[in-house]
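Colleague: Below are the structure tokens for one structure; questions will follow.
Residue numbers (the working numbering), protein chains in the order written: chain R, 1 to 493; chain C, 1 to 493.
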């Protein structure tokens with residue numbers, strides 16, 4: 001299992017900037033309060049917007065995994081390119097899984113070439129498509145990816161598009177979809193052979209289009225919000241297409257769900273982490289939360305976390321209607337890289353952060369192929385230059401670990417609260433655990449802040465203004481409001 | 001020229017969360033104070049750690065550009081792979097230039113293939129190497145890149161390594177260098193044919209190694225700190241190797257330098273921006289600074305900015321020795337993508353941010369190839385589904401612009417201060433302007449905060465602790481301190 005070490009969030013380590021360990025006393029009032037939340041969460045699981053908690057359970061598990069596996073198996077070797085069209089919760093999970101569980105050079109490995117350095121078990125890229133998750137309408141980016149795909153596969157015979165949109169009305173995904181539908185048409189391709197849609201199983205604009213065009217569809221289940229959907233077909237389909245062990249992801253989710261259902265807070269990492277983060281935020285002003293993996297493959301997990309954390313907890317009103325401007329600002333960083341960019345600020349700037357360090361145990365690197373001759377990348381002997389001789393014969397994993405520990409130490413010396421999550425191994429099971437851990441921390445934090453962690457009311461106004469600016473009928477008053485509010489001024493250089 | 005619009009930082013627009021426009025009165029005390037700083041900066045330019053201001057001027061300009069151009073021209077077509085080894089200021093600028101000025105699919109385009117979608121003028125990838133900037137010691141990442149390069153070029157005949165380290169003692173870069181030196185040796189390659197080093201021209205460990213091994217070297221000039229070095233050979237060499245117009249970068253720097261030397265604050269974007277950001281930080285609690293380009297290619301410019309802003313201004317003590325914990329936390333975001341991830345928080349969470357929106361003018365997209373049939377990517381007509389019909393026949397650039405303007409409007413409605421920087425065109429000249437603008441904003445902000453913007457004292461402790469943990473002689477007491485401070489506790493789940 002993942003390990004959480006929270007010693008550096010306590011006052012023993014970081015003085016007045018940490019929390020007194022008394023608060024965690026299992027017989028204390030706080031622990032009883034947290035236990036009550038655990039009971040509450042188990043009474044609401046699977047209901048309303050908490051259906052995400054059951055994605056790894058039957059019957060949803062089989063309902064999702066079976067058709068995905070059938071599709072993947074019956075289409076093995078048929079596609080060289082998989083282009084995912086989605087944004088926000090319909091993209092960040094896909095990107096995170098790909099980045100965590102496939103090598104950084106995945107797309108560079110030619111289909112058919114030997115796949116050295118690949119971490120997808122026995123699968124080879126010869127049977128796996130390149131993947132592009134195009135989560136923006138930047139025309140140079142979207143157009144550049146399409147041009148690349150068209151150069152590699154001019155007839156689009158070997159290209160699959162995975163459109164992800166519950167409603168079909170998200171402007172970005174709708175626009176992308178309209179472009180690729182036309183591209184396929186222009187090349188005489190049948191859309192139903194080249195589009196897989198993840199969408200509402202029963203209603204909505206995309207559902208209507210899918211029925212009309214005969215696309216193969218997978219459900220975005222009711223009661224599973226975008227930012228909680230990575231372990232539904234939204235995230236699982238593209239992962240499975242690229243050789244990722246989706247059963248492993250769900251197994252990991254199940255394991256972490258169990259651990260995070262424990263009433264004893266001292267044995268429940270989600271409850272403990274949520275309690276400490278909320279308390280340090282509210283009583284010590286630590287409102288910025290940095291996630292800093294010491295592992296490139298985990299870096300984009302932080303983008304997935306950023307949405308979960310920001311959109312769930314960033315709320316103007318609490319459940320009583322009081323204005324609270326709740327929330328914490330998630331920030332991503334990468335070790336060791338950001339030691340040479342952000343750590344100066346993290347140690348000497350405003351003490352307004354909690355740093356979440358994430359690492360892969362030194363043993364864990366050994367099961368990740370990717371090294372040169374050795375999975376750990378040995379630093380050779382023989383250069384024999386005094387100032388850097390101490391590096392000779394060590395492994396890069398050892399250096400990475402020393403840097404992480406040294407940074408942790410330096411942060412404590414500056415009284416900057418931090419915690420560490422350790423992966424024993426970087427595989428689907430542990431990534432599933434990590435995802436579920438943070439979803440559970442979010443659920444707890446929402447209760448502690450007494451806000452609705454499942455809505456996103458502030459996103460509406462921008463959508464309506466976009467409709468107005470794009471000339472959609474019925475939104476003229478929004479266009480007018482934008483023009484009045486942002487009328488030209490002289491404050492321009 | 002780039003355009004700065006700061007109207008949304010003023011109280012006219014965002015109420016008590018903005019600054020009153022009176023503060024900007026050209027006859028006022030504040031403007032006089034800022035003008036005095038401008039005079040001060042012009043008296044210190046080119047001296048001490050402000051030599052970066054002269055990188056675009058003679059004699060440094062020619063001293064740098066001439067040998068780079070000679071090398072690039074005499075080695076054209078000789079390399080398929082360029083691997084840059086560096087970290088922090090020796091990597092972030094390289095990555096930013098590459099990402100801003102070459103297409104996202106640059107590395108995927110096979111040498112020899114037609115280079116559709118490429119933005120490097122008449123150059124084709126047939127003469128340009130793939131680029132990998134490996135700014136971490138993650139063994140799976142570093143090893144994965146090396147394995148990929150070795151698979152493509154088993155004898156390393158067509159691979160060039162660019163090692164960037166002023167001292168040669170940065171542990172990460174030293175370790176990487178030791179690995180590639182051995183790889184070249186094992187394949188019987190002459191290091192001097194395959195390594196270009198950017199390092200101190202006169203002294204230090206890397207200088208000593210370069211002299212011994214006969215490497216071609218380019219200077220990291222004295223008085224130019226890592227985070228201010230992108231327009232020196234540190235950033236220019238790899239850019240030039242990949243077809244980027246380095247003279248254009250320096251021309252843009254020169255243009256922006258001139259504008260940012262104007263004593264009249266209302267005509268000087270660096271002075272105005274620094275003043276507003278520092279004032280909003282100090283008097284209104286806006287201590288988090290988000291940089292949010294609406295353009296994928298500009299996204300990694302934000303990583304370069306993050307180092308500049310965090311490491312320069314994040315300081316415990318001011319110049320009088322008083323403890324101030326100065327600094328602002330830089331955060332990167334991407335439009336429209338992060339509208340579906342962060343904007344909920346930015347509108348409804350704590351009002352502790354200033355958002356810097358960066359955009360490419362709608363006309364500017366037209367000169368960026370990358371579209372499908374049309375540089376702007378047209379959204380086709382003919383789907384004819386009511387809810388998304390308003391998108392038909394529009395361009396993706398128009399949608400991107402509408403989303404940006406809608407978000408700006410929504411932020412103002414929530415009284416969240418923000419500004420917009422507009423690129424008329426995304427090319428080397430304007431990227432050079434952008435870099436120099438932010439370097440000048442940083443120099444001004446350092447003076448306004450009365451801190452040393454050019455040191456990074458807090459990075460030392462972690463380095464020493466790393467030496468201790470890695471067993472370097474003379475650092476035993478640091479090892480002991482780490483072990484004592486981070487002794488195991490029971491606060492683990």
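Beta carbons are placed, not taken as given, at the ideal position from N, Cα and C, and that holds for glycine.
Determine the direct distance from the alpha carbon of residue 52 (chain C) to that of residue 435 (chain C), and round the result to whole angstroms.
Modeller: Taking the first residue of the second chain as position 1, residue 435 (chain C) is located at position 435. Taking the first residue of the second chain as position 1, residue 52 (chain C) is located at position 52. Looking at the two C-alpha atoms, the distance is approximately 11 Å.
Colleague: Which residues in chain C sit within 7 Å of residue 466 (chain R), going by Cβ to Cβ distance?
Modeller: Within the first chain, numbered from 1, the residue matching residue 466 (chain R) stands at position 466. Residues of chain C passing the Cβ test: 402, 403, 406.
Colleague: For the beta strand (DSSP E) that residue 175 (chain R) lies in, which residues bound it at each end?
Modeller: Stepping through the first chain from its first residue, residue 175 (chain R) is reached at position 175. Unbroken run through residue 175 (chain R) is the alpha helix (DSSP H), 171-186; no beta strand (DSSP E).
Colleague: Measure how close the beta-carbons of residue 482 (chain R) and residue 469 (chain R) come, nearest whole angstrom, since I'm counting them as under 8 Å.
Modeller: Within the first chain, the letter at position 482 stands for residue 482 (chain R). Within the first chain, the letter at position 469 stands for residue 469 (chain R). Contact flag correct, Cβ pair sits at about 6 Å.
Colleague: Quick one: any contact between the stretch 4-20 of chain R and the stretch 253-267 of chain R, if contact means 3 or more CB pairs under 8 Å?
Modeller: Result no; under three Cβ-Cβ pairs closer than 8 Å.
Colleague: Between the alpha carbons of residue 14 (chain C) and residue 411 (chain C), how many angstroms are there, rounded?
Modeller: Within the second chain, the letter at position 14 stands for residue 14 (chain C). Within the second chain, the letter at position 411 stands for residue 411 (chain C). Approximately 9 Å between the Cα atoms of the pair.
Colleague: For the beta strand (DSSP E) that contains residue 63 (chain C), what are its first and last residues?
Modeller: For this step, residue 63 (chain C) is matched to residue 63 along the second chain. That residue, residue 63 (chain C), is in no beta strand (DSSP E); its alpha helix (DSSP H) goes 60-74.
Colleague: Would you list, in chain order, the members of the stretch 274-291 of chain C that have their beta-carbon closer than 7 Å to a beta-carbon of chain R?
Modeller: From the stretch 274-291 of chain C, only 287, 288 have a Cβ closer than 7 Å to chain R.
Colleague: Is residue 352 (chain C) closer than 8 Å to residue 278 (chain C) when the C-beta atoms are compared?
Modeller: Walking along the second chain from the start, residue 278 (chain C) turns up at place 278. Walking along the second chain from the start, residue 352 (chain C) turns up at place 352. Contact flag unset, no.
Colleague: Could you tell me the alpha carbon to alpha carbon distance between residue 94 (chain R) and residue 162 (chain R), rounded to whole angstroms?
Modeller: The residue given as residue 94 (chain R) occupies position 94 in the first chain. The residue given as residue 162 (chain R) occupies position 162 in the first chain. Spanning the two alpha carbons is a distance of roughly 11 Å.
Colleague: Assuming residue 366 (chain R) contacts residue 294 (chain R) (C-beta within less than 8 Å), just tell me the rounded distance between them.
Modeller: In the first chain, residue 366 (chain R) corresponds to position 366, counting from 1. In the first chain, residue 294 (chain R) corresponds to position 294, counting from 1. Not really, about 16 Å apart at Cβ, beyond 8 Å.
Colleague: Sort out for me which residues DSSP pairs residue 356 (chain R) with in a bridge.
Modeller: Counted from its first residue, the first chain places residue 356 (chain R) at position 356. Answer is R:291, R:419.
Colleague: With 16 as the cutoff for other CB atoms within 10 Å, does residue 381 (chain R) come out buried or exposed?
Modeller: Mapped onto the first chain, residue 381 (chain R) falls at position 381. Exposed, by the Cβ-count rule.
Colleague: Just list the residues that DSSP pairs residue 378 (chain R) with in beta bridges.
Modeller: As a working note, residue 378 (chain R) is residue 378 in the first chain. Note: residue 378 (chain R) sits in a beta bridge opposite R:395.
Colleague: CB residue 498 (chain R) to CB residue 237 (chain R), shorter than 8 Å?
Modeller: Limits of chain R in this structure are 1 at one end and 493 at the other, which puts residue 498 (chain R) out of reach.
Colleague: Quick one: grab the DSSP three-state call for residue 3 (chain C).
Modeller: For the purposes of this step, residue 3 (chain C) is taken as residue 3 along the second chain, with counting starting at 1. Strand.
Colleague: Does the beta carbon of residue 235 (chain R) come closer than 8 Å to any beta carbon on chain C?
Modeller: Here residue 235 (chain R) refers to the residue found at position 235 when the first chain is read from its first residue. Not an interface residue.
Colleague: Less than 8 Å between the C-beta atoms of residue 48 (chain R) and residue 165 (chain R), yes or no?
Modeller: Walking along the first chain from the start, residue 48 (chain R) turns up at place 48. Walking along the first chain from the start, residue 165 (chain R) turns up at place 165. Their beta carbons are not under 8 Å apart, which means residue 48 (chain R) does not touch residue 165 (chain R) by this criterion.
Colleague: Among C:392, C:324, C:418, C:171, which has the Cα closest to the Cα of residue 388 (chain R)?
Modeller: By 1-based counting over the first chain, the position of residue 388 (chain R) is 388. Closest option to residue 388 (chain R), Cα to Cα, is C:171.
Colleague: Considering just the uninterrupted stretch of the alpha helix (DSSP H) at residue 389 (chain R), what are its terminal residues?
Modeller: Numbered from its first residue, the first chain carries residue 389 (chain R) at position 389. First-last for residue 389 (chain R): undefined, no H or E at that position.
Colleague: Under the three-state reduction of DSSP, which class applies to residue 457 (chain R): helix, strand or coil?
Modeller: Sequence index remark: in the first chain, residue 457 (chain R) carries index 457 (1-based). Helix, per DSSP.
Colleague: On the three-pair Cβ rule with 8 Å, is the stretch 294-312 of chain C touching the stretch 316-325 of chain R?
Modeller: Contact fails: fewer than three Cβ-Cβ distances are below 8 Å.
Colleague: Just to confirm before moving on: does the CB-CB distance between residue 145 (chain C) and residue 134 (chain C) stay below 8 Å?
Modeller: Here residue 145 (chain C) corresponds to residue number 145 of the second chain, with the count starting at 1. Here residue 134 (chain C) corresponds to residue number 134 of the second chain, with the count starting at 1. Cβ atoms of residue 145 (chain C) and residue 134 (chain C): closer than 8 Å.
Colleague: Ignoring anything shorter than 4 residues, give me the alpha helix (DSSP H) runs that lie fully in the stretch 252-312 of chain R, in order along the chain.
Modeller: You should have 269-284.
Colleague: Pick out the complete beta strand (DSSP E) segments inside the stretch 314-343 of chain C, 3 residues or longer, and give them in chain order.
Modeller: Segments of the beta strand (DSSP E) lying fully in the stretch 314-343 of chain C: 329-332.
Colleague: Nearest-angstrom Cα distance between residue 62 (chain C) and residue 43 (chain C)?
Modeller: Position 62 of the second chain, counting from 1, holds the residue named residue 62 (chain C). Position 43 of the second chain, counting from 1, holds the residue named residue 43 (chain C). Cα to Cα, the separation comes out at about 23 Å.
Colleague: Between residue 23 (chain C) and the rest of its own chain, which residues show a CB-CB distance below 6 Å, the 5 nearest in sequence each way excluded?
Modeller: Your numbering for residue 23 (chain C) matches position 23 in the second chain. Answer for residue 23 (chain C): 30, listed in chain order.
Colleague: Could you tell me the distance, in whole angstroms, from the CA atom of residue 116 (chain C) to the CA atom of residue 302 (chain C)?
Modeller: If you number the second chain from 1, residue 116 (chain C) lands on position 116. If you number the second chain from 1, residue 302 (chain C) lands on position 302. Legend: pLDDT at residue 116 (chain C) = 36, less than 50; position of this residue unreliable, value from coordinates given subsequently. Each residue's alpha carbon lies about 27 Å from the other.
Colleague: Using a Cβ-Cβ cut-off of less than 8 Å, give me the residues of the stretch 194-212 of chain C that come near chain R, in sequence order.
Modeller: Correct list: 205, 208, 209.
Colleague: How many Å lie between residue 281 (chain R) and residue 18 (chain R) at the Cα?
Modeller: Sequence index remark: in the first chain, residue 281 (chain R) carries index 281 (1-based). Sequence index remark: in the first chain, residue 18 (chain R) carries index 18 (1-based). About 10 Å.
Colleague: Taking C-beta pairs closer than 7 Å, name the residues in chain R that residue 551 (chain C) reaches, listed in chain order.
Modeller: Because chain C spans 1 through 493 in this model, residue 551 (chain C) falls outside it and cannot be assessed.
Colleague: Grab me the residues of residue 362 (chain C)'s own chain with a C-beta within less than 6 Å of its C-beta, minus the 5 sequence neighbours each way, in chain order.
Modeller: For the purposes of this step, residue 362 (chain C) is identified with residue 362 of the second chain, where counting begins at 1. Same-chain partners within the cutoff: 397, 401.
Colleague: With 8 Å as the threshold, decide whether the Cβ of residue 92 (chain R) is near any Cβ in chain C.
Modeller: Taking the first chain and counting its residues from 1, one reaches residue 92 (chain R) at position 92. So, interface residue.
Colleague: Is residue 56 (chain C) closer than 8 Å to residue 231 (chain C) when the C-beta atoms are compared?
Modeller: The count along the second chain starts at 1 and reaches residue 231 (chain C) at position 231. The count along the second chain starts at 1 and reaches residue 56 (chain C) at position 56. Result yes, Cβ atoms of residue 231 (chain C) and residue 56 (chain C) sit closer than 8 Å.
Colleague: Is residue 13 (chain R) helix, strand or coil by DSSP?
Modeller: Counting from one through the first chain, the residue named residue 13 (chain R) turns up at place 13. Residue 13 (chain R) falls in the helix class under three-state DSSP.
Colleague: Note down, in chain order, all residues in the stretch 475-487 of chain C with a beta-carbon under 8 Å from any beta-carbon belonging to chain R.
Modeller: Listed in sequence order: 481, 482, 485, 486.
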